[in-house]
Amino acid sequence: MSPPTSRVRRAAALVALATTGGLLLPVSTAQAAPRQQAPVVTQVATQVTTELGATATARYALATTQPTLRQGSRGAAVTTLQRRLAALHYDLGTIDGDFGPSTFHAVVAFQKVNGLSRDGIVGPNTWAKLSSPVIPKPRYRHSGLSLEANLSRQVLYLARDGQVIRILDASSGKASTPTVRGNFSITRRIDGWRQSDLGMLWKPNYFYRGYAVHGATSVPNYPASHGCVRVTIPAMNRLWGTIKVGLPVHVYA
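Each residue of the sequence shown is one higher than the one before, counting from -5 in the numbering used here.
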């Protein structure tokens, strides 16, 4: 049996040849029956399914038929993307067909969870993963809500009863100022900006001394904070009404 990569490449070549007219019939046949093109494409589709398997073929079709999307993209494909991310519980706000900053951070969070390049661009690899994604599970189970900061993946989970119900892009403490790890709970909250010794924090939710989950104007795709767990300001606005004093918080790598 051919290696999977070879089979994928061969199947891709077949699709490309069929759809661009590269699979040609003999001249006499083409002149006598020009409508034979459709059966050829059907035969190729059947061969692709044989090469890749039905499930992989569906993933391949999604990855190759959807356009590459990035910030600034608009339209039906963006709506399709947003609906899929929302169904997978990624925090993105409104489904509106507009690839804005919230959709960008939802894509980055998805890429982090699925081990993809964290560029916020939805190309063939990201489209393919959207059809067969990693479904994260919380490490701790509570009957009510809880927060989990996964430092390895640089995401924040909102969980309930053993299920992740929201996934947020996050940035934790850099190497010189790491985020404290352990099991905590929210001890106090400030509804607005707070000027700390290390910068401005939007709606901080403190879980250990000066460590908080808070909104920030900058949430890069790597650990960059002074120890807190940053999410975007719009994400914190959407999360704010859900978090309460006493909410369990788990921080781990």
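Here a beta-carbon is modelled for each residue, glycine too, at the ideal position from N, C-alpha and C.
Buried versus exposed, by CB contacts within 10 Å (16 or more), residue i
{"i": "M252", "result": "Outside the displayed span of the chain (-5 to 247) sits residue 252, for which this structure offers no information."}
{"i": "N177", "result": "exposed"}
{"i": "P198", "result": "buried"}
{"i": "T59", "result": "exposed"}
{"i": "S219", "result": "buried"}
{"i": "W187", "result": "exposed"}
{"i": "V128", "result": "exposed"}
{"i": "R77", "result": "exposed"}
{"i": "Y246", "result": "exposed"}
{"i": "R147", "result": "buried"}
{"i": "L192", "result": "exposed"}
Helix, strand or coil at residue i [DSSP, three-state]
{"i": "P61", "result": "coil"}
{"i": "H220", "result": "coil"}
{"i": "T159", "result": "A quick correction: the sequence has Ile, not Thr, at residue 159. Residue state, collapsed to three classes: strand."}
{"i": "L75", "result": "helix"}
{"i": "N215", "result": "coil"}
{"i": "F98", "result": "helix"}
{"i": "N231", "result": "helix"}
{"i": "F201", "result": "strand"}
{"i": "A122", "result": "helix"}
{"i": "F93", "result": "coil"}
{"i": "V245", "result": "strand"}
{"i": "Q105", "result": "helix"}
Spatially closest choice to residue i from the options, by CA coordinates
{"i": "H244", "options": "S179, R147, V213", "result": "S179"}
{"i": "L124", "options": "G138, Y151, Y84", "result": "Y84"}
{"i": "R133", "options": "W121, G117, L150, A122", "result": "L150"}
{"i": "R64", "options": "L79, R77, T97", "result": "T97"}
{"i": "F201", "options": "A103, I184, N108", "result": "I184"}
{"i": "M230", "options": "L110, I115, S111, L152", "result": "L152"}
{"i": "L82", "options": "T88, G94, A71, F104", "result": "F104"}
Through-space distance from residue j to residue i, alpha-carbon basis
{"i": "R232", "j": "L141", "result": "14 Å"}
{"i": "C222", "j": "G66", "result": "30 Å"}
{"i": "P130", "j": "V158", "result": "7 Å"}
{"i": "P172", "j": "G69", "result": "40 Å"}
{"i": "D92", "j": "A206", "result": "31 Å"}
{"i": "L136", "j": "R154", "result": "The residue you asked about is not Leu; residue 136 is His in the sequence shown. The alpha-carbon atoms of H136 and R154 are separated by roughly 6 Å."}
{"i": "D90", "j": "P217", "result": "30 Å"}
{"i": "N108", "j": "N119", "result": "10 Å"}
{"i": "H208", "j": "D113", "result": "23 Å"}
Min CB distance residue i to chain E below 9 Å
{"i": "S111", "result": "No chain E is part of this structure, which consists of one protein chain only."}
Quiz item: Looking at C-beta atoms only, is the number of pairs between the stretch 233 to 242 and the stretch 159 to 179 that lie closer than 8 Å three or more?
Solution: Yes, the stretch 233 to 242 is in contact with the stretch 159 to 179.
Practice problem: Count the C-beta pairs between the stretch 208 to 215 and the stretch 156 to 173 that are closer than 8 Å, then say yes if the count reaches three, no if not. | Solution: In short, these stretches touch, since the Cβ pair count reaches three.
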